[in-house]
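Here the sequence shown is numbered in our numbering, starting from 52 and rising by one per residue.
Think of the CB as a built atom: it goes at the ideal place given N, C-alpha and C, for glycine as much as any other residue.
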Amino acid sequence: MKKQNPLSTKADVVRSTLYLLLLLSAFVIRLALGQQNATDSAIDPTKSSFAVGHVTNGSPEAQPSPVAAATAVVVWDQYNNVGTAVTLSATFTDAPAMNSDLVDDFVVQSNPWLVQRIVVDGAYFNGTGPANSFNVFFYSDDGGFPGTVLYESTNIVDWTQNGSTFTINLPSCCFPTLYPGKYWIEIRANMTAMCCGEWGWTDRTVTELDPAVWRNPSGFFGACTSWSRRAATCGLDPSAPDQVYRIYANLAPTPTATPTPTPRRTPTPRPRPMHLHPPPTPAR
52 MKKQNPLSTK
62 ADVVRSTLYL
72 LLLLSAFVIR
82 LALGQQNATD
92 SAIDPTKSSF
102 AVGHVTNGSP
112 EAQPSPVAAA
122 TAVVVWDQYN
132 NVGTAVTLSA
142 TFTDAPAMNS
152 DLVDDFVVQS
162 NPWLVQRIVV
172 DGAYFNGTGP
182 ANSFNVFFYS
192 DDGGFPGTVL
202 YESTNIVDWT
212 QNGSTFTINL
222 PSCCFPTLYP
232 GKYWIEIRAN
242 MTAMCCGEWG
252 WTDRTVTELD
262 PAVWRNPSGF
272 FGACTSWSRR
282 AATCGLDPSA
292 PDQVYRIYAN
302 LAPTPTATPT
312 PTPRRTPTPR
322 PRPMHLHPPP
332 TPAR
């Protein structure tokens, strides 16, 4: 058996370390380029990182309606008028500076909603995915912008993808109940940029209610560190100012007032008549 030379062993270690450093540097360069592309896209949405080719003839590649529970129906539908780009809406385990939020608004008009699932059109870019999980948030409305967080469900792993259609099922333990009023919804992917890239929500060319709102709190992309109009203010895909999605929910019955029963009159007791009998005639 040949004895290993100590010098040769050290050389192997140095060589292995060098290879590792080369691999790491290659990844850092790749990530930096990806971030630069995304940065450019925040200013110019025509850049390739946001111009994802997942749209054909103005409609999504796939628009299957998921098999919903018998009582779940489509209560809000913006799954149409699809644009040609997606906008980043994701949280990153390895690049938190890129964390970005994207929200769109909707209205509950009459019966309260017990929300079960969200169907959203989206795509991966600067990578092929998949997402680790998804987050769903509902916000109150504050003068045409998102207000207080009313509901949040994070790290949802019960989701499926069919083409560009992502179906996200909310935990059955605690479906949110939304009463009549205006709300904002956020769909956000949890990503690992190193392996899987970024996820974006498909832009919509027709605006329903107020236009979509976006933010990148760290300022990494150089625009919109607080809630701002995605298209008009942030310059992200100005020709498509809204987002593509559907909401499925149970419709709760509209509460009806219970009529107050009319109290029944208590009958006044009537005196029973007294029959007077003449005294008996004494015997003679």
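With a 10 Å radius around the Cβ and a threshold of 16 neighbouring Cβ atoms, D145 comes out exposed.
Look at S223 here: in three-state DSSP terms it is helix. In the structure shown, A148 adopts helical secondary structure according to DSSP, grouped into three states. Counting the other Cβ atoms within 10 Å of the Cβ of L153 gives 16 or more, which makes it buried.
In the structure shown, A136 falls within a strand segment according to DSSP collapsed to helix, strand and coil.
Judged by DSSP in its simplified three-state form, A182 adopts coil rather than helix or strand. A residue is called buried when at least 16 other Cβ atoms come within 10 angstroms of its Cβ; T218 meets this threshold and is buried. A distance below 6 Å between beta-carbons, with the five flanking residues on each side excluded, links Q294 to the following residues of its chain, in chain order: D155, W252, R255 and A263. For a cut-off of 8 Å, the C-beta gap from L221 to V158 is around 19 Å, too long to register as a contact.
When secondary structure is reduced to three states using DSSP, A274 falls in the coil class, being assigned neither helix nor strand. For A244, the uninterrupted alpha helix (DSSP H) segment begins and ends at A244 to C247. Boundaries of the beta strand (DSSP E) harbouring Q212: W210 to N213, taken from the DSSP string.
Per DSSP, the continuous beta strand (DSSP E) segment holding D128 begins and ends at A123 to D128. Restricting attention to G232, D193 and A244, the CA atom closest to the CA of A182 is found in A244.
The closest CA to that of R239, considering only T138, G214 and D128, is found on T138. According to the DSSP assignment, R168 belongs to the beta strand (DSSP E) that extends over W164 to F176.
In this structure E249 does not touch F188 by the C-beta definition: roughly 19 Å separates them, more than the 8 Å allowed.
Boundaries cannot be given for A283, as no beta strand (DSSP E) includes it and DSSP labels it neither H nor E.
Within the same chain, V154, Y190, W235, V264 and W278 come within 7 Å of P197 by CB-CB distance, once the 5 residues on both sides are set aside. According to the DSSP assignment, F143 belongs to the beta strand (DSSP E) that extends over A141 to F143.
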